[in-house]
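The numbering of the sequence shown is my numbering, which starts it at 2 and goes up by one. Don't be surprised by glycine CBs; every beta carbon is placed ideally from N, CA and C. Here is the structure we will look at, set down as structure tokens.
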Amino acid sequence: MPEEIYPNLYRLEIPLPESPLKYLNSYVIKGGARNLIIDTGLNRDVCKTAMLEGLKALDIDLNTVDIFITHLHADHFGLVSELATQNTKIYFNRPEKEIIEHWKGFEPMIAYGAKNGFPEEILRAALHQHPGFKYGSKWTPVLNILNDNDTLDAGDFRFTCIQTPGHTQGHMCLYEPEGRFLIAGDHILLDITPNIQCWWEDGDPLGDYINSLDKVYFLNVDQVLPGHRRLFENYTERIDELKHHHEHRLDEILNILDKKSPSTAFETASKMTWDIEADSWDKFPVAQKWFATGEAVSHLRYLERRGKIRRASEDPVITFELV
Ligand SMILES: [Zn+2]
């Protein structure tokens, strides 16, 4: 059932079965002639049912809905093709529109995983578990681009778009200065830390992420409306915690490389501490190994760019060692 957060702004809980995220927070703004949905859910029946029931309870017809999507991950974007009608305006960011338009399937990601030591046989299995593979949008609707600092009006609210690359390359938050709240997508979460992965050779997603945390630090935010889990108020405190979390991770990796060098990202990930309900790395679900390895790559890349570690080998796998 919809939960009213502010007058005419509601939270719908869209279940994400089998995911440690548990559910997506979809926000719905009632605005009279046009209504706005922020983030949609996976392209699967359980999400669609929850969304349609929520809209029905709010007395909203799909023909009157526009959609804003914080980033391209399937739990936010996947259901859009099931919700969009001919009248729907869909708002999205430019970097990820380009990723979607130039999408060559999962093969480059698989090849890059293998390059980082992820064993080929479990890699294929991991792909078939990947939510983007199973529950992605089946077609791409027309996307209206919003850029950093653009304004988006919805009902009584006037949002400033704030681009926050890191979790994904074009991730975008919506800031409501008058209401002093931030619709944060997966940029800032409570209880869990946003996954910062790297599956391509150039780029520094962890560096981008930390810059994006600094970018939003001084906004006047009394309440955060995140993409998953609970809403929260201790905004700057949480940003500080997230930054410390990554500093701690970087130290942990330097220690791992100190003891056994050189090491692939996959080997590094297997020795890092993860907040997952499994006794050992071997018992991790394959999808979690995949996310963990992507996270290890982003941290290794960060350290490499800053001259703390270097590549010991490039072929057939990339290994790193301390400088
Ligand atoms: Zn998400």
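**OP:** Please report how far the alpha carbon of Arg250 lies from the alpha carbon of Leu128, in whole angstroms.
**Re:** Each residue's Cα considered, the two are about 26 Å apart.
Original post:
If we call anything under 7 Å between Cβ atoms a contact, is Pro263 one with Thr320?
Top reply: yes
Original post:
By how many angstroms is the C-alpha of His72 removed from the C-alpha of Phe119?
Top reply: Distance between the alpha carbons of Phe119 and His72 is about 26 Å.
**OP:** Keeping to the same chain, check which residues put their C-beta closer than 6 Å to that of Gly55; ignore five residues upstream and five downstream.
**Re:** Apart from the 5 residues on each side of it in sequence, Gly55 sits with its Cβ closer than 6 Å to the Cβ of Pro3 and Leu13 in its chain, given in chain order.
**OP:** Along the alpha helix (DSSP H) that carries Gln170, what are the first and last residues, could you check?
**Re:** Where Gln170 is concerned, there is no enclosing alpha helix (DSSP H), given that its DSSP letter is neither H nor E.
**OP:** Please classify Leu258: does DSSP put it in a helix, a strand, or coil?
**Re:** helix
**OP:** Consult DSSP for Val143 and reduce its assignment to one of helix, strand or coil.
**Re:** coil
**OP:** Report all residues from its chain with a CB closer than 6 Å to the CB of Cys48; omit the five preceding and five following residues, and keep chain order.
**Re:** Ile15, Gly42 and Leu80
Subject >> Segments of 4+ residues assigned as alpha helix (DSSP H) that fall wholly inside the region 200 to 257 >> reply: 206 to 217
Original post:
Is Gly180 near ligand 1, in the sense that its beta carbon is under 6 Å from a heavy atom of that ligand?
Top reply: no
Original post:
When the Cα of Leu191 is compared with those of Tyr28, Tyr218 and Val225, which residue comes out closest?
Top reply: Val225
Original post:
Is the beta carbon of Phe93 sitting closer than 7 Å to the one on Leu22?
Top reply: At the C-beta level, Phe93 and Leu22 stay beyond 7 Å of one another.
Original post:
Would you say the beta carbon of Gly228 comes nearer than 6 Å to a heavy atom of ligand 1?
Top reply: yes
Subject >> Candidates Ala126, Val298 and Ile193, of which the one nearest Ile254 by Cα >> reply: Val298
Subject >> Beta-bridge partners of Gly118, as assigned by DSSP >> reply: Note: Gly118 sits in no beta bridge, so no partner.
Subject >> Opposing strand residues paired with Val29 [DSSP bridges] >> reply: Bridge partners of Val29: Tyr11 and Ile38.
Subject >> Backbone CA spacing between Cys174 and Thr237 [nearest angstrom] >> reply: Distance between the alpha carbons of Cys174 and Thr237 is about 16 Å.
Original post:
Which stretch, first to last residue, makes up the beta strand (DSSP E) that contains Arg311?
Top reply: Ile310 to Ser314
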